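Count along the sequence shown starting at 1, add 75, and that's the number in this note's numbering.
Note that beta-carbon positions come from the ideal geometry of N, C-alpha and C, so glycine has one too.
Just so you know, these numbers come straight off a predicted model, no measurement behind them.
Input: a single structure, listed below in structure tokens.
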Amino acid sequence: MSSLTKLLQEKRKNESTSSVGAVQSRSSQVANPIAEEAEKSETDNALLGQSQFSSSFVTANSAHTATFGESFRDRERPAPLTIETRGGQFRSGPSPSGLTPGSHPNSHGRSKNIPSLSSNIPYSVPNSNAPGAGGVGTGSSGSNSTTIGNGFGATASGFGAGSSASSASSSYLESSGLMPHNVAAIDSNVIASPKVNNVDPRFVISKQKFQKVSQDNASNLYSNTASGSLPRSSSLSSQLGNLFLNKNGKEVSSNVNPSVPTHASQSRDIPNNSVSSATYGSSIPKPMRARQSSFYGSSRQPSGSYQDSFIGSPSSLHEHQPNQYMPRSRHSSIADLKRFFKKGQAQQLSGSPSTPPVSAGGNISSHTSNNSSLEPGSYSSNGDTIYTSTVSPTLPYSKRYAKTGENLGAGAGGSVKLVRRVQDSKVFAVKEFRTKFEHENKRDYVKKITSEYCIGTTLRHANIIETVEIVYDNNRILQVMEYCDYDLFAIVMSNKMSYEEICCCFKQILTGISYLHSMGLAHRDLKLDNCVINKDGIVKLIDFGAAAVFSYPFSKTLVESSGIVGSDPYLAPEVCIFSKYDPRPVDIWSAAIIFACMILKKFPWKIPKLKDNSFKLFCSGRNCDSLSALVVRTPQQPSDPPAYENVVSSEENSSKAATPPASAPEPSPSPAPASNNPVDPGNPNIGPQRLLHSLPEESQHIIGRMVDLAPACRASIDDIMRDSWIESIDMCDVVEEGFNIKIIQGANHKHTQVDQSEAHIAGLEKKKKKQNR
Ligand SMILES: Nc1ncnc2c1ncn2[C@@H]1O[C@H](COP(=O)(O)OP(=O)(O)OP(=O)(O)O)[C@@H](O)[C@H]1O
Numbered sequence: 076m077s078s079l080t081k082l083l084q085e086k087r088k089n090e091s092t093s094s095v096g097a098v099q100s101r102s103s104q105v106a107n108p109i110a111e112e113a114e115k116s117e118t119d120n121a122l123l124g125q126s127q128f129s130s131s132f133v134t135a136n137s138a139h140t141a142t143f144g145e146s147f148r149d150r151e152r153p154a155p156l157t158i159e160t161r162g163g164q165f166r167s168g169p170s171p172s173g174l175t176p177g178s179h180p181n182s183h184g185r186s187k188n189i190p191s192l193s194s195n196i197p198y199s200v201p202n203s204n205a206p207g208a209g210g211v212g213t214g215s216s217g218s219n220s221t222t223i224g225n226g227f228g229a230t231a232s233g234f235g236a237g238s239s240a241s242s243a244s245s246s247y248l249e250s251s252g253l254m255p256h257n258v259a260a261i262d263s264n265v266i267a268s269p270k271v272n273n274v275d276p277r278f279v280i281s282k283q284k285f286q287k288v289s290q291d292n293a294s295n296l297y298s299n300t301a302s303g304s305l306p307r308s309s310s311l312s313s314q315l316g317n318l319f320l321n322k323n324g325k326e327v328s329s330n331v332n333p334s335v336p337t338h339a340s341q342s343r344d345i346p347n348n349s350v351s352s353a354t355y356g357s358s359i360p361k362p363m364r365a366r367q368s369s370f371y372g373s374s375r376q377p378s379g380s381y382q383d384s385f386i387g388s389p390s391s392l393h394e395h396q397p398n399q400y401m402p403r404s405r406h407s408s409i410a411d412l413k414r415f416f417k418k419g420q421a422q423q424l425s426g427s428p429s430t431p432p433v434s435a436g437g438n439i440s441s442h443t444s445n446n447s448s449l450e451p452g453s454y455s456s457n458g459d460t461i462y463t464s465t466v467s468p469t470l471p472y473s474k475r476y477a478k479t480g481e482n483l484g485a486g487a488g489g490s491v492k493l494v495r496r497v498q499d500s501k502v503f504a505v506k507e508f509r510t511k512f513e514h515e516n517k518r519d520y521v522k523k524i525t526s527e528y529c530i531g532t533t534l535r536h537a538n539i540i541e542t543v544e545i546v547y548d549n550n551r552i553l554q555v556m557e558y559c560d561y562d563l564f565a566i567v568m569s570n571k572m573s574y575e576e577i578c579c580c581f582k583q584i585l586t587g588i589s590y591l592h593s594m595g596l597a598h599r600d601l602k603l604d605n606c607v608i609n610k611d612g613i614v615k616l617i618d619f620g621a622a623a624v625f626s627y628p629f630s631k632t633l634v635e636s637s638g639i640v641g642s643d644p645y646l647a648p649e650v651c652i653f654s655k656y657d658p659r660p661v662d663i664w665s666a667a668i669i670f671a672c673m674i675l676k677k678f679p680w681k682i683p684k685l686k687d688n689s690f691k692l693f694c695s696g697r698n699c700d701s702l703s704a705l706v707v708r709t710p711q712q713p714s715d716p717p718a719y720e721n722v723v724s725s726e727e728n729s730s731k732a733a734t735p736p737a738s739a740p741e742p743s744p745s746p747a748p749a750s751n752n753p754v755d756p757g758n759p760n761i762g763p764q765r766l767l768h769s770l771p772e773e774s775q776h777i778i779g780r781m782v783d784l785a786p787a788c789r790a791s792i793d794d795i796m797r798d799s800w801i802e803s804i805d806m807c808d809v810v811e812e813g814f815n816i817k818i819i820q821g822a823n824h825k826h827t828q829v830d831q832s833e834a835h836i837a838g839l840e841k842k843k844k845k846q847n848r
């Protein structure tokens with residue numbers, strides 16, 4: 076058992092043996108500073124009982140995507156936060172620097188050492204849960220941890236044997252056999268290539284033989300067995316970088332031997348993670364605020380003090396800078412890309428492009444393409460098209476799609492417009508990736524695009540947006556996607572959703588997450604704005620610009636994510652505290668916030684930091700003196716009291732809370748608060764009940780587990796899908812019957828539709844501007 080766990084258990088034991096009075100008095104000492112101060116200033120704006128949208132919902136929907144870790148300076152730590160010393164690993168108090176001694180790559184010259192969450196708690200990769208089996212190495216702190224930036228950049232930044240923290244975690248599992256029930260054992264979080272001492276002569280291929288075989292097989296993209304590793308220059312990000320960022324526009328000679336069909340050799344011999352390992356560094360991504368306001372203009376500005384930390388100017392978002400981004404020879408680059416993607420299709424994530432998709436219902440393939448006989452992942456004879464899931468086009472993009480002039484939305488990644496396919500007048504959404512900001516690191520920029528690129532061309536699921544093709548047109552990268560008629564945000568804003576409809580949407584989002592997590596991917600920017608819904612009521616997750624791989628095929632290695640990525644109100648607390656974290660529980664937290672938003676029509680808090688009073692109250696009354704200590708908690712022992720023993724709510728406070736939609740079950744009846752004392756366990760204004768008592772009773776259990784402050788205790792997506800309430804939800808679904816796609820409508824609800832003028836964020840923004848005039 077780890078020293079941390081021992082510490083926690085001893086602490087709990089001591090607490091439980093103390094008298095009630097002692098607990099109360101300790102609570103007063105401990106929780107009062109948090110809760111009292113919060114009580115004083117708290118205006119209860121977060122959970123006011125309003126059936127209307129509170130202005131805070133709109134205002135707080137400043138939900139901006141912070142990608143690539145803003146600077147730790149910009150994203151200040153919560154003032155009262157104490158990162159306690161764990162075996163002398165680190166210590167941080169409310170010192171001026173606010174953080175730990177030691178250096179951090181992004182510390183702006185200041186000494187900071189923000190720990191990896193895995194150095195404090197054990198967690199691991201799904202489906203590898205074998206208590207007692209296999210070594211378990213959680214992330215070691217600092218540079219010994221494997222990190223991932225945005226997208227697919229997993230890098231082994233160090234191969235040191237586990238730190239004391241990691242070995243402690245290991246012993247925790249070995250000795251106790253107790254794993255947090257939402258996690259499974261991992262082998263390590265260090266990615267290393269296997270060592271080869273000698274090679275049998277049979278496997279040594281002469282250069283001449285290699286070239287001959289290559290030529291013979293040039294037409295067969297998958298058959299080449301030649302060995303070789305992916306040259307750095309032909310990595311995806313490098314290709315993209317060359318494609319879009321060569322300033323002088325000169326042809327850049329490829330490092331790839333033209334006689335070698337690189338994709339073929341790469342596809343067999345390069346482990347997925349080695350691509351990223353070779354490509355991306357291990358450090359915390361460079362500070363950068365990516366998300367520009369996109370909803371209601373100023374209302375979607377980043378909240379609070381973070382405005383200062385914006386680096387990118389909104390105006391630069393869609394400006395073309397031809398001088399700066401003269402591409403190199405398009406054909407050469409695109410040819411390389413095509414080859415890479417052919418390989419990528421075969422290998423990325425799932426190991427195979429034909430990995431059977433998990434249906435929205437969990438068991439039936441649900442490729443949403445209209446023509447399921449078309450092979451996804453083909454490449455056109457037209458030099459502009461990089462990827463297409465349908466027939467290879469022979470005409471250039473501009474001849475195949477007609478602009479409608481309609482904007483659907485714009486954000487950190489680019490702008491999304493509606494186009495009409497000339498051939499059949501079908502409409503599609505086209506995302507034009509933004510050009511690189513001047514200040515932006517080329518690698519970061521390319522990584523973001525790469526991420527969406529790879530994911531869009533790999534994932535197949537009814538609840539994930541389908542990428543139809545990716546095109547390079549007129550110095551722009553365009554992602555053509557299936558079009559969904561509504562933004563979920565717009566539907567929620569209509570205030571017309573029935574409770575059953577909300578549940579259906581929630582379950583569909585969970586189903587999409589379940590698929591993503593089963594593929595080793597986490598979205599990391601789940602929010603209402605990143606869910607769209609079609610006329611049939613099928614919800615799709617969009618915007619994979621912040622997605623991260625946490626597990627590669629056949630690997631039991633957890634790849635931690637890093638950086639403060641996501642949108643403030645949806646952020647999980649550990650993202651704001653730790654430099655590295657498991658991205659799966661982060662998605663789970665965000666999904667719970669989405670559900671709360673759909674029910675309450677507002678955010679429970681603006682940001683999960685103690686400086687936010689609503690969040691502070693949510694954290695209060697838990698017999699713990701710091702948020703970081705709460706976040707590193709591990710699952711309780713059977714003898715320990717249940718996690719949410721104090722979940723109670725009062726009539727008074729339920730009436731204060733937002734009224735759920737007409738058909739929603741009443742929030743659980745609860746006794747009136749015993750007192751107004753913020754540390755009173757019966758006070759529904761503090762602790763998890765602060766949020767939960769406003770939600771329908773049947774949802775409280777699982778939502779409570781989804782917003783567990785400790786990621787190790789948070790419900791996993793599998794736990795959630797097994798929850799009796801979730802199971803009972805009548806969800807709209809897509810099923811494949813032979814070549815036909817069939818929509819199965821939920822029996823107990825209809826999906827709200829709104830006028831197209833306000834179906835998307837751009838429309839809502841327009842309307843808002845008009846109203847303000
Ligand atoms: N396939 C689609 N169908 C309909 N609308 C879409 C689609 N894709 C995107 N949109 C609209 O465009 C908006 C912006 O899309 P997206 O989130 O992908 O862009 P972004 O620039 O990456 O934004 P973010 O700031 O969240 O990173 C969405 O909120 C949505 O309104």
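Asked                                                                                                                                                         : Found
Tell me whether SER569 sits in a helix, a strand or coil according to DSSP, three-state version.                                                              : coil
Is there contact between the segment 477-487 and the segment 821-840, where contact requires at least three CB pairs shorter than 8 Å?                        : yes
Rounded to whole angstroms, what's the CA-CA distance from PHE678 to SER593? Just pull it up for me.                                                          : 28 Å
Would you tell me roughly how many angstroms separate the C-alpha atoms of ASN760 and PHE693, rounded to the nearest one?                                     : 8 Å
Taking buried to mean at least 16 other C-beta atoms within 10 Å of its own C-beta, is THR709 buried or exposed?                                              : buried
Need the endpoints of the beta strand (DSSP E) that LEU616 sits in, please.                                                                                   : 614-616
Would DSSP call GLY641 helix, strand or coil?                                                                                                                 : strand
So what's GLU515 in DSSP terms, helix, strand or just coil?                                                                                                   : coil
Rounding to the nearest angstrom, what Cα-Cα distance links LYS844 and GLU833 in this structure?                                                              : 12 Å
To the nearest angstrom, how far is it from the Cα of LYS842 to the Cα of ILE566?                                                                             : 15 Å
Using DSSP with H/G/I as helix, E/B as strand and the rest coil, what is TYR627?                                                                              : coil
If you measure from the CB of ASP618, is any heavy atom of ligand 1 nearer than 7 Å?                                                                          : yes
Using 8 Å as the Cβ pair cut-off and three pairs as the minimum, do the segment 578-595 and the segment 541-550 touch?                                        : no
Using a Cβ-Cβ cut-off of 6 Å (strictly less than) and excluding sequence neighbours within five positions of TRP680, which residues of its own chain qualify? : ALA121, ASP687, SER689 and PHE690
The alpha helix (DSSP H) spanning ASN815 covers which residue range?                                                                                          : Here ASN815 belongs to no alpha helix (DSSP H); instead the beta strand (DSSP E) covers 815-819.
Cβ of VAL809 within 8 Å of Cβ of ALA504?                                                                                                                      : no
Quick check: what's the CA-CA separation for ILE777 versus PHE512?                                                                                            : 42 Å
For ALA597 versus ASP499, is the C-beta spacing smaller than 8 Å?                                                                                             : no
Kindly indicate the opening and closing residues of the alpha helix (DSSP H) around CYS579.                                                                   : 574-593
By the 10 Å Cβ neighbour count, where 16 or more other Cβ atoms means buried, how is LYS474 classified, buried or exposed?                                    : exposed
Which residues mark the beginning and the end of the alpha helix (DSSP H) in which ALA836 is found?                                                           : The sequence shown places Ile at residue 836, not Ala. 836-847 is the extent of the alpha helix (DSSP H) around ILE836.
Below 8 Å on the Cβ atoms is my contact criterion, and I expect LEU646 with LEU705 to pass it. Report the Cβ-Cβ distance as a whole number of Å.              : Incorrect: roughly 15 Å between the Cβ atoms, too far for contact.
Could you check whether the Cβ of ILE584 sits closer than 7 Å to any heavy atom belonging to ligand 1?                                                        : no
Could you check whether the Cβ of VAL607 sits closer than 7 Å to any heavy atom belonging to ligand 1?                                                        : yes
My assumption, with CB atoms under 8 Å, is that GLY595 sits in contact with VAL614. Please give the rounded CB distance.                                      : Incorrect: roughly 22 Å between the Cβ atoms, too far for contact.
Under the three-state reduction of DSSP, which class applies to SER500: helix, strand or coil?                                                                : coil
How many Å lie between ILE639 and SER654 at the Cα?                                                                                                           : 8 Å
Where does VAL497 land, buried or exposed, given buried means 16+ other C-beta within 10 angstroms?                                                           : exposed
Suppose you measure from the CA of GLU507 to the CA of GLU772; what does that come to, to the nearest Å?                                                      : 43 Å
DSSP three-state call for TYR547: helix, strand or coil?                                                                                                      : strand
Hey, could you find the ends of the alpha helix (DSSP H) CYS672 is sitting in?                                                                                : 658-675
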